[in-house]
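Protein chains in written order, with this note's numbering: chain F, 1 to 114; chain Y, 1001 to 1113.
Step one of this worksheet: look at the structure below.
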């Protein structure tokens, strides 16, 4: 069964550094999402992406964050200058049709900011 | 105020002891309600989608139901391998939405042999 893959599984970074989290969505999916889950808290929406542009974003997704689909398979989340509070699990998800199909999630990247 | 509330936060069952998990929501228009299972260190794994009140879906020992204000995930004769955190998420129905999910905090289920 096709799946969403994320790399790396764990990223440790110094505060203030830039990080790029990578995702390969399911190949025939058109809508892509990033969510985060701070330890012990609920999963929170960050951003949705369709047709090479952001379609919706939450208050969490400020100017420090950006997303990109650099080629036909990868979908990336960049955090420009990381803060301690960015430490969390980051999940990528994709779907074929957001109104009729479920989102399928990767296993996440655990981001630890020191 | 949370838009999606799950209860209980944690549930311990003996193998074979059936029970239900609750998810209540307060979004103004519901496009869909989703149940996911999450194992430690993993991403949410899709279980069910429910779209309208009265709808029911079943998969093995799990059955999900939906009313206008809440959803239940019924677990019949659970086994230890059903131990996981069960997440409920809703999609709001408004113009321009690309389907972002609003999650509850989850119910952590432990099934003892």
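Ideal placement from N, C-alpha and C gives every residue a C-beta, glycine not left out.
- Task: State the Cα-Cα distance for the pair residue 1085 of chain Y and residue 1109 of chain Y, rounded to the nearest angstrom.
- Result: 6 Å
- Query: Are at least three pairs of beta-carbons, each pair with one atom in the segment 70-79 of chain F and one in the segment 20-30 of chain F, less than 8 Å apart?
  - Reply: yes
- Round the Cβ separation of residue 1087 of chain Y and residue 1044 of chain Y to the nearest angstrom and send it over; I've been treating them as touching at under 8 Å. 6 Å
- Among F/112, F/114, F/113, F/104, which residue has its Cα nearest to the Cα of residue 33 of chain F? F/104
- Task: Could you check how far apart the C-beta atoms of residue 113 of chain F and residue 78 of chain F are, in whole angstroms? I think they sit under 8 Å.
- Result: Not quite, the Cβ-Cβ distance comes to about 14 Å (not below 8 Å), so this is no contact.
- Which runs of the alpha helix (DSSP H) spanning at least 4 residues fall entirely within the segment 33-65 of chain F, listed in chain order? none
- On a CA-only basis, which of Y/1007, Y/1015, Y/1008 is nearest residue 1083 of chain Y? Give me that one, please. Y/1015
- Query: How about residue 1072 of chain Y and residue 1021 of chain Y: do their beta carbons lie closer than 8 Å?
  - Reply: yes
- Assigned exposure category for residue 38 of chain F - 16 Cβ within 10 Å defines buried: exposed
- First and last residue of the beta strand (DSSP E) that includes residue 1064 of chain Y? 1062-1066
- Query: Taking Cβ to Cβ, would you say residue 31 of chain F is nearer than 8 Å to residue 1098 of chain Y?
  - Reply: yes
- Item | CA-to-CA distance, residue 1113 of chain Y to residue 61 of chain F, given in whole angstroms | 43 Å
- Message: Considering only their Cβ atoms, is the gap separating residue 1053 of chain Y from residue 1063 of chain Y smaller than 8 Å?
- Response: no
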